[in-house]
Each structure stands twice: as C-alpha cells, then as structure tokens.
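First the structure, in the form of structure tokens, and then the observations on it.
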Amino acid sequence: MPRADRGPAGASFSRVTNSEEFERTPGGAVIMDGKRLRDEIVAGIRTKLDGLGNPAVCLATVLVGDDKPSQIYVRNKHKKVEEAAMVSRHVGLPADVSQGELEAAVTDLAQDPNVHGILVQLPLPEGLDAERVLDLLPPEKDVDGLTERSMGRLVRGRDGHVPCTPLGVMRLMERYGVETSGKSAVVIGRSTLVGLPQVLLLGRKGVDATATLAHSRTTDLAAVCREADIIVAAAGMAGLVTAEFVKPGAAVLDVGISRTADGIQGDVHFESVQAVAGAITPMPGGTGPMTIGCLMENTLSAARMLGALPG
Numbered sequence: 021m022p023r024a025d026r027g028p029a030g031a032s033f034s035r036v037t038n039s040e041e042f043e044r045t046p047g048g049a050v051i052m053d054g055k056r057l058r059d060e061i062v063a064g065i066r067t068k069l070d071g072l073g074n075p076a077v078c079l080a081t082v083l084v085g086d087d088k089p090s091q092i093y094v095r096n097k098h099k100k101v102e103e104a105a106m107v108s109r110h111v112g113l114p115a116d117v118s119q120g121e122l123e124a125a126v127t128d129l130a131q132d133p134n135v136h137g138i139l140v141q142l143p144l145p146e147g148l149d150a151e152r153v154l155d156l157l158p159p160e161k162d163v164d165g166l167t168e169r170s171m172g173r174l175v176r177g178r179d180g181h182v183p184c185t186p187l188g189v190m191r192l193m194e195r196y197g198v199e200t201s202g203k204s205a206v207v208i209g210r211s212t213l214v215g216l217p218q219v220l221l222l223g224r225k226g227v228d229a230t231a232t233l234a235h236s237r238t239t240d241l242a243a244v245c246r247e248a249d250i251i252v253a254a255a256g257m258a259g260l261v262t263a264e265f266v267k268p269g270a271a272v273l274d275v276g277i278s279r280t281a282d283g284i285q286g287d288v289h290f291e292s293v294q295a296v297a298g299a300i301t302p303m304p305g306g307t308g309p310m311t312i313g314c315l316m317e318n319t320l321s322a323a324r325m326l327g328a329l330p331g
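Each number in the numbering used here comes from the position in the sequence shown (counting from 1) with 20 added on.
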C-alpha cells in the first residue's frame, strides 16, 4: 500500500511502496523517471511474450521524407520493439510521394494479418492529407490512438487504444503514487494528441480527478494552475510553467517540446518548479520515453484484439 511522504512545504505526497526510495531533485521533488518506467514496461512485455513462446507481434511504422527528428523517433521506437521481443516493419517513402501512393502503402499494412499495430509518423510533408491517411487505419491497429474512431471509443469508454503520450502520463502517476481520486488537475493545451484525451483520462471513473482544460488564452493561467494538485503542461511553450504556477507539493508533468536557440526545452521551467513541486518529470527523460513505452503496450493490446494473443 502507498504511504504518505512529506514533500516540499509539508505537502503530502503519496509513495508507491513501503520500501522503494525514489530519486529526488535538490529541492526535494520526486523525479518521475520515464526512462526507467519505459524499460520496465519493455522488459515486462518481453517476459510475457517469452512465456507465450515468442509469437510474432508486429508493429509497422510509416515515415514520409527525411526529417531528421522523425527519423530518430522512428529508430528509437524500433529499437524498443526489438528489446520487447516484438517484430518491427518499416515503410520509408520519399517526401514527394503522392497522396495515392501513401494511402496504398498504409492500406497494404491495414490489410496484412501479420501486422498488428500501425504508426504513421507525423507531421507529414506539406501537401499530404494526414486525416485521409489516418482514416485508413482499423481501430484495432491504430496503436497511436489518433483516429476519430479511437477518440470516439475513448469518449464512450469503450475498449480501444489511448494516445500514447497521455497514457504515459497516467502510467507515470500510477508508478510514482500520485493520488488522483478527488484531486484537482489542470491540463494546459487542447490538442487532440495530448490535451483533450488527457482530460478524458483524468476524469475517468476509477481515476476520479476533477480535470480542467486550460490553454494560452486562459485568463490568469498561473492562478488556475496554483489551485491544482496535478499539472500536465502540453502547450508547446518553452518555460511557460514557473514556480508561481505550482501549489506546494503538486505533481507536475511536462509534455511540451519546443526547439529554441538554447536547444530543446519543455513547457516547465524545471529549475524553479522542482523547488516547489512534490513530484516532477525531467526533460528529457520524463514523458517522452513513456510515449514509446505505451506504444509497446498498445501494440501488445492490438495483437490481443486481433486474436494473435490470448486474453
């Protein structure tokens, strides 16, 4: 059972186990280590598949063009697929591919019974219609949880794949004992990729947080956030969340990524917030790795939905 540990300013912060000691920042906040949890998830999947005789659970990725960050993201995903003892397939297409050629490639994967999960790396080059491509994905194979049908299942509470980044946020809070029932949560950002599904997940029965969706036009955003026990920052605005946004002892999860002159930065000003928060994700090493970890989870679930695995 979790035990209460005293966080900054005497705030109560729930711990996961009786004996495990988590790493903390100089200010005393628990560091929610996404790399560690991702690797635990990957190792757990490998153990499950080993126990089932190593069935060929396959994740296919589609990458259009030669965007370097996208290439790195896809390469990292396939590395973890292999570590999880799953099978990876990659379809690389030139930046000048036609809409029809791209749709044909995705349709082939959608119809292939040996492919269980499909991820189309976004954004696509200018001139290509991503919505038309995503609409070709069967809900069972939509392991990124991005299609209208997957979002509809999430809204209706039906079985389906949840977008990997908000699911990763939930896994981190679970792993590090962040209490959600009856707590106030603020999600900054209203994208269909993170903000909207994050609010839905926080408000689900069994999670039971009271979730507020905020954004860059929210009046006195800092004051809204100061009332929250949980802050999920996903606005894509570097350094937006500072210490004045954070109630002492709150859990702060940084999802935003911005490329600045000083390099890649998150939405949370880590140095100031870590002195106030009860728990915080690092950047990098926090929610980013968990996106890949939850992609592995979704692929395993996809294989079950399609009858390739028991359960």
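C-beta: ideal position from N, C-alpha, C; glycine also.
Check your understanding: Under three-state DSSP, which class holds G305?
Key -> The sequence position of residue 305 within the sequence shown is 285, counting from 1. The answer is coil: DSSP assigns G305 none of H, G, I, E or B.
Check your understanding: When we look at the beta-carbon of S54 and count the other beta-carbons within 10 Å, is it buried (16 or more) or exposed?
Key -> Within the sequence shown, the letter at position 34 stands for residue 54. What sits at residue 54 in the sequence shown is Gly, not Ser. Buried, by the Cβ-count rule.
Check your understanding: In the DSSP assignment, what residue or residues form a beta bridge with I284?
Key -> Within the sequence shown, the letter at position 264 stands for residue 284. The partner list for I284 (beta bridge, DSSP) reads R279.
Check your understanding: Does the distance from the C-beta atom of A130 to that of P158 stay below 8 Å?
Key -> In the sequence shown, counting from the first residue as 1, residue 130 sits at position 110. In the sequence shown, counting from the first residue as 1, residue 158 sits at position 138. Yes.
Exercise for review: Starting from S108, follow the alpha helix (DSSP H) in both directions and report where the run begins and ends.
Suggested key: Your numbering for residue 108 matches position 88 in the sequence shown. Element bounds for S108: not the alpha helix (DSSP H) but the beta strand (DSSP E), V107 to L113.
Point to revise | Distance, P89 Cα to K161 Cα | key: If you number the sequence shown from 1, residue 161 lands on position 141. If you number the sequence shown from 1, residue 89 lands on position 69. Spanning the two alpha carbons is a distance of roughly 24 Å.
**Study point:** Endpoints, beta strand (DSSP E) assigned at D274
**Key:** Within the sequence shown, the letter at position 254 stands for residue 274. Bounds of the beta strand (DSSP E) holding D274 are A271 to D274.
Review point. What three-state label does DSSP hand L79 in the structure shown?
Key: Position 59 of the sequence shown, counted from the start, is the residue given in the question as residue 79. If DSSP states are grouped into helix, strand and coil, L79 belongs with the strands.
Practice item. Would you kindly report the start and end of the unbroken beta strand (DSSP E) that includes G209? Key: Here residue 209 refers to the residue found at position 189 of the sequence shown. No beta strand (DSSP E) contains G209, which DSSP labels as neither H nor E.
Review point. Helix, strand or coil: which one does DSSP assign to T319?
Key: What you label residue 319 is simply residue 299 of the sequence shown in a count that begins at 1. In the structure shown, T319 falls within a helical segment according to DSSP collapsed to helix, strand and coil.
Review point. Whose C-alpha, out of H136, L79 and V175, is nearest the C-alpha of S108?
Key: Along the sequence shown, one-based indexing puts residue 108 at 88. Nearest of H136, L79 and V175 to S108, Cα basis: L79.
Review point. Does DSSP put S118 in a helix, a strand or coil?
Key: The sequence position of residue 118 within the sequence shown is 98, counting from 1. Reduced to three states, the DSSP call for S118 is coil.
Review point. Would Q119 be called buried (16 or more neighbouring beta carbons within 10 Å of its own) or exposed?
Key: Here residue 119 refers to the residue found at position 99 of the sequence shown. Result: exposed.
Review point. If we ignore side chains and look at the alpha-carbon of each, how far apart do I312 and T239 end up?
Key: Position 292 of the sequence shown, counted from the start, is the residue given in the question as residue 312. Position 219 of the sequence shown, counted from the start, is the residue given in the question as residue 239. Taking the straight line from one Cα to the other gives about 34 Å.
Check your understanding: What does a CB cutoff of less than 8 Å around R246 pick up in its chain, not counting 5 residues either side in sequence?
Key -> Position 226 of the sequence shown, counted from the start, is the residue given in the question as residue 246. Contacts found: E264, F265, V266 and K267.
**Study point:** beta strand (DSSP E) segments (min. 3 residues) lying fully within the segment 215 to 266
**Key:** Counting whole runs of 3 or more residues, the segment 215 to 266 contains the beta strand (DSSP E) stretches 230 to 234 and 250 to 253.
Check your understanding: Between the Cα of T200 and the Cα atoms of A243, P183, I250 and G177, which residue gives the shortest distance?
Key -> As a working mapping, residue 200 is identified with position 180 in the sequence shown. Of A243, P183, I250 and G177, the residue nearest in Cα terms is I250.
Practice item. Go to G64, then tell me how far its alpha helix (DSSP H) extends in each direction, as first and last residue. Key: For the purposes of this step, residue 64 is taken as residue 44 along the sequence shown, with counting starting at 1. Counting along the chain, the alpha helix (DSSP H) containing G64 begins and ends at G54 to G71.
Exercise for review: Under 8 Å Cβ to Cβ from G305, same chain only, skipping five residues before and after it: list those, please.
Suggested key: Counted from its first residue, the sequence shown places residue 305 at position 285. Hits under 8 Å: D53, G54 and K55.
Practice item. Measure from the alpha carbon of G85 to the alpha carbon of each residue in D59, R66, L72 and L113, then state which is nearest. Key: Here the question's residue 85 lines up with position 65 in the sequence shown. Looking at the Cα atoms, L113 is the closest of the given residues.
Review point. By DSSP, does L154 sit in helix, in strand, or in coil?
Key: What you label residue 154 is simply residue 134 of the sequence shown in a count that begins at 1. For L154, the three-state secondary structure derived from DSSP is helix.
Review point. With a Cβ-Cβ cutoff of 8 Å, do H235 and R210 count as a contact?
Key: Position 215 of the sequence shown, counted from the start, is the residue given in the question as residue 235. Position 190 of the sequence shown, counted from the start, is the residue given in the question as residue 210. Cβ distance < 8 Å, so H235 and R210 count as in contact.
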